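Okay, so here's the structure we're looking at.
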Amino acid sequence: MFSAACSWKRGFLPEIYSAYGELLGGKCGTGGCVRGFEKQLAANHTVSELCVLEENKLVSQRYYTSQFHKMANTAQISKDELEELREAFARVDLDNSGFISDYELHDLFKEANLPLPGYKVREIIQRLMADGDKNKDGKIGFDEFVYIFQELKSSDIAKTFRKAINRKEGICAIGGTSELSSEGTQHSYSEEEKYAFVNWINKALENDPDCQHVLPMNPNTNDLFKAVGDGIVLCKMINLSVPDTIDERVINKKKLTPFTIQENLNLALNSASAIGCHVVNIGAEDLKAGKPHLVLGLLWQIIKIGLFADIELSKNEALAALLRDGETLEDLMKLSPEELLLRWANFHLENAGWNKINNFSSDIKDSRAYFHLLNQIAPKGQKEGEERIDINMSGFSEKDDLKRAEYMLQQADRLGCRQFVTPADVVSGNPKLNLAFVANLFNKYPALTKPVNQDIDWTLLEGETREERTFRNWMNSLGVKPHVNHLYSDLQDALVILQLYEKIKVPVDWNKVNKPPYPKLGANMKKLENCNYAVDLGKYPAKFSLVGIGGQDLNDGNSTLTLALVWQLMRRYSLNVLEDLGDGQKVNDDIIVRWVNRTLAEAGKSTSIQSFKDKTISTSWAVVDLIDAIQPGCINYDLVKIGDLSEDDKHDNAKFAVSMARRIGARVYALPEDLVEVKPKMVMTVFACLMGRGMKKV
1 MFSAACSWKR
11 GFLPEIYSAY
21 GELLGGKCGT
31 GGCVRGFEKQ
41 LAANHTVSEL
51 CVLEENKLVS
61 QRYYTSQFHK
71 MANTAQISKD
81 ELEELREAFA
91 RVDLDNSGFI
101 SDYELHDLFK
111 EANLPLPGYK
121 VREIIQRLMA
131 DGDKNKDGKI
141 GFDEFVYIFQ
151 ELKSSDIAKT
161 FRKAINRKEG
171 ICAIGGTSEL
181 SSEGTQHSYS
191 EEEKYAFVNW
201 INKALENDPD
211 CQHVLPMNPN
221 TNDLFKAVGD
231 GIVLCKMINL
241 SVPDTIDERV
251 INKKKLTPFT
261 IQENLNLALN
271 SASAIGCHVV
281 NIGAEDLKAG
291 KPHLVLGLLW
301 QIIKIGLFAD
311 IELSKNEALA
321 ALLRDGETLE
331 DLMKLSPEEL
341 LLRWANFHLE
351 NAGWNKINNF
361 SSDIKDSRAY
371 FHLLNQIAPK
381 GQKEGEERID
391 INMSGFSEKD
401 DLKRAEYMLQ
411 QADRLGCRQF
421 VTPADVVSGN
431 PKLNLAFVAN
441 LFNKYPALTK
451 PVNQDIDWTL
461 LEGETREERT
471 FRNWMNSLGV
481 KPHVNHLYSD
491 LQDALVILQL
501 YEKIKVPVDW
511 NKVNKPPYPK
521 LGANMKKLEN
531 CNYAVDLGKY
541 PAKFSLVGIG
551 GQDLNDGNST
561 LTLALVWQLM
571 RRYSLNVLED
581 LGDGQKVNDD
591 IIVRWVNRTL
601 AEAGKSTSIQ
611 SFKDKTISTS
621 WAVVDLIDAI
631 QPGCINYDLV
641 KIGDLSEDDK
651 HDNAKFAVSM
661 ARRIGARVYA
671 LPEDLVEVKP
681 KMVMTVFACL
691 MGRGMKKV
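Here the sequence shown stands for residues 1 to 698, where the numbers follow the UniProt record's numbering.
Below, the structure is given as structure tokens:
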């Protein structure tokens with residue numbers, strides 16, 4: 001297999017080939033065993049890497065022996081167990097890199113809400129990395145993941161790890177290690193989530209005429225997984241979460257065919273990506289087939305974005321009422337929506353004289369905090385036209401947890417907020433669904449008053465620019481961790497920037513990187529070291545233009561200089577896609593412009609562009625024509641405004657063009673306004689995405 005590329009000599013490891021044959025039950029001859037073993041090695045290594053090993057027979061003998069033992073471990077697991085382990089691995093591998101890093105482990109334990117102190121979590125993660133990371137590359141591959149489950153089964157560390165994964169998905173099956181497995185009640189997705197999401201969608205879209213063919217869905221059946229198959233419900237939910245993301249004129253609604261359904265699913269996935277959903281591992285076929293864990297994962301991201309849209313100071317100045325002594329607006333602006341919700345709930349609980357909560361899982365299981373929260377936020381009838389609603393607290397003293405939860409939800413129903421959780425979800429402390437329940441309460445009844453006569457600098461509340469939002473959504477769509485809520489404060493330790501370097505094929509030495517939780521003393525120094533490393537990588541090997549930009553600027557959250565680096569990351573990402581499609585040929589702005597004009601001319605179109613600053617781009621005619629050139633006949637030109645265009649006409653054309661680009665399969669992150677105002681950077685990304693789609697010819 002390797003002899004053509006290097007002096008590969010078979011036979012110097014006969015005992016390994018023989019053992020490999022036995023492992024397969026003697027089903028391969030000597031040659032077959034050799035080929036089978038080498039094929040497995042080749043799946044994980046390049047030929048050049050194997051050739052380097054080949055130069056040192058002693059090293060390679062040890063190495064291949066270790067590889068064989070890895071394969072032997074994997075082969076001792078049943079096919080079903082292996083498939084379940086692969087599913088578990090995928091749930092922890094958040095960025096779909098094929099490896100699990102320590103920050104993904106941190107995220108796992110955080111989401112699992114296990115009752116463990118922080119130092120214990122750090123200790124467990126360190127042990128998992130030490131015991132599981134056999135080749136010491138700073139991450140855990142699938143073979144090493146299997147090893148943790150096989151070899152460390154009895155250890156407390158591995159048991160806690162398995163418990164965290166089970167908690168993350170609710171009731172997922174993991175290699176027969178779950179306590180549920182013997183009862184045969186496992187599922188690869190959360191029934192509770194399905195039930196909650198179906199009820200939410202039924203209510204949200206109940207009056208939409210385009211969804212009546214699938215609504216209402218029965219939450220107790222698999223209706224949901226069939227209903228998303230034509231893409232319409234997904235498109236509608238995206239527009240509910242971020243209004244006007246998708247031009248309704250572009251959704252195929254009548255007389256659907258497999259092709260028009262595929263277009264709808266392309267539109268939904270590319271639009272979800274544009275609003276910051278991580279969809280790298282989801283394809284249109286997965287949605288068409290209604291794969292439960294992928295459908296639920298995507299829906300949760302879409303719903304969460306909508307629920308969290310207004311839990312932000314620039315959109316809701318009354319949140320300043322949550323400021324604590326000695327805090328500034330800047331401090332409050334750094335909090336994630338989850339942290340703001342927790343602070344909001346505790347603000348009302350404190351006013352009620354009740355204990356504060358630390359999470360939306362174990363601390364709310366008895367429903368008593370919820371009773372007090374509902375009582376505090378219920379309308380008091382003090383505003384004009386407001387009806388007073390008195391919360392009945394009699395269920396508070398009920399001894400049975402489930403009954404108490406039901407009484408609490410009956411009161412929430414009187415506020416029109418009985419959504420996302422059942423009594424069982426409250427009592428079990430389902431963190432995802434309880435978070436959604438509280439977010440919905442906040443959106444309906446924030447019960448906050450904007451502070452007056454306080455020394456608050458309101459000029460800080462400018463909100464993010466379109467460009468900042470586009471960059472943030474791009475990062476989140478790639479699955480960076482932690483999730484980026486605030487562009488500058490969330491990049492101050494450079495962890496996200498370093499992950500983005502890996503996305504653009506700039507190698508990162510993670511041994512040089514400081515990772516959270518940072519020590520209380522010297523935390524900022526650790527973050528600054530990361531920022532300095534990020535700038536060094538940008539200068540070389542990335543070869544970015546970073547004149548006057550230092551690590552301190554990233555650490556300080558300097559907006560202008562941080563944006564300069566982030567733009568170069570996004571630009572390189574866009575160009576890399578084109579270079580991959582073009583067999584490595586370097587791509588620049590001039591090449592993209594020439595390709596656009598050549599493609600337009602070959603399709604007989606009269607439009608062209610001089611550069612990405614060309615003022616005619618504001619009409620979107622060139623973009624629309626290019627889309628039609630890439631997929632002939634896809635544009636309904638009756639919907640395109642021509643002649644002397646008003647600003648509204650230009651916006652309509654741009655909105656149509658962006659949605660059509662996404663429908664034919666281009667992952668466009670830019671917004672219609674970027675075309676209307678001819679923002680050169682964002683215009684470049686639009687044409688680069690379309691060029692990528694045109695080169696694929698799919």
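Just so it is clear, CB atoms sit at the ideal spot from N, CA and C, and this is done for glycine as well. Nothing here was measured: the structure is a model prediction, and the numbers come from that model.
Go ahead and label R663 buried or exposed: buried means 16 or more other beta carbons lie within 10 angstroms of its beta carbon, across all protein chains shown. buried
For a test of the three-state rule: what should DSSP assign to I124, helix, strand or coil? Three-state result, I124: helix.
Let me check understanding here. Comparing Cα to Cα, which of A378, E384 and D400 lies closest to N392? A378
Tell whether a beta-carbon distance below 8 angstroms holds between A320 and P431. no
Measuring only the C-alpha atoms, how far is D366 from D401? 6 angstroms
Please specify which runs of the alpha helix (DSSP H), each continuous and at least 4 residues long, are wholly inside the stretch 386–414, giving them in chain order. 401–414
Quick one: is A436 buried, meaning 16 or more other Cβ sit within 10 Å of its Cβ, or exposed? So A436 counts as buried.
Pick out whichever of A88, D137 and N270 has its Cα sitting closest to the Cα of V686. Nearest C-alpha to V686: N270.
Measuring only the C-alpha atoms, how far is V198 from P219? 5 angstroms
For the UniProt domain "Calponin-homology (CH)" (586–695), which segments carrying the alpha helix (DSSP H) assignment without a break, of at least 4 residues, lie completely within its bounds, in sequence order? 589–602, 621–630, 647–663 and 672–676
Option in L561, L498 and L415 with minimal Cα separation from K380: L415
Assign P337 to one of two classes, buried (16 or more other C-beta atoms within 10 Å of its C-beta) or exposed (fewer than that). buried
Entirely within the stretch 297–382 and at least 4 residues each: give me those alpha helix (DSSP H) ranges in chain order. 329–333, 337–351 and 368–377
Please list the segments of the alpha helix (DSSP H) lying wholly inside the stretch 486–519, counting only runs of 4 or more residues, in order along the chain. Listed in chain order, they are 495–503.
Which whole-angstrom value is the C-beta distance of A670 and V678, which I expect to be below 8 angstroms? Not a contact, Cβ separation roughly 11 angstroms.
In this structure, does DSSP put I282 in helix, strand or coil? coil
Would you tell me roughly how many angstroms separate the C-alpha atoms of I630 and L267, rounded to the nearest one? 16 angstroms
For S394, count neighbouring C-beta atoms within 10 Å of its own C-beta (all shown protein chains included) and say buried if the count is 16 or more, exposed if not. exposed
Return helix, strand or coil for T245, following the three-state DSSP convention. coil
Measure the C-alpha to C-alpha separation of Y189 and G297 and round it to an integer number of angstroms. Our two residues, Y189 and G297, have alpha carbons roughly 9 angstroms apart in a direct line.
Starting from I140, follow its DSSP beta bridges and name the residues at the other end. Looking at the DSSP assignment, I140 forms a beta bridge with I100.
Buried or exposed: E602, going by 16 or more other Cβ atoms within 10 Å of its Cβ? Exposed.
What separation, rounded to the nearest whole angstrom, lies between the Cα atoms of D102 and R466? 33 angstroms
Beta carbon of S477, beta carbon of C277: below 8 angstroms? yes
State the start and end residues of the unbroken alpha helix (DSSP H) segment that holds S477. R466 to S477
DSSP three-state label for T422, please. coil
Going along the chain, which residues of its own chain have a beta-carbon closer than 7 angstroms to the beta-carbon of Y573, five neighbours each way excluded? K503 and I504
Quick one, which of V426, T260, L409 and E248 has its alpha-carbon nearest R418's? L409
Here's a check: name, in chain order, each residue in its chain whose Cβ is nearer than 8 angstroms to the Cβ of L287, leaving out the five neighbours to either side. V228, G229, G231, L234, L265, A268, L269, L294, V295 and L298
6 angstroms CB neighbourhood of Y518 in its chain, flanking five on each side removed: K526
Using the three-state DSSP reduction, which class does T160 fall into: helix, strand or coil? helix
How close, in whole Å, do the beta carbons of F347 and L329 come, if the pair is a contact with beta carbons under 8 angstroms? Between L329 and F347 the Cβ distance is about 16 angstroms, and since that is not below 8 angstroms, they are no contact.
Buried or exposed: I305, going by 16 or more other Cβ atoms within 10 Å of its Cβ? buried
So, is G385 buried or exposed, given that buried needs 16 or more other C-beta atoms within 10 angstroms? exposed
Look up L448 in the DSSP assignment and say whether it is helix, strand or coil. coil
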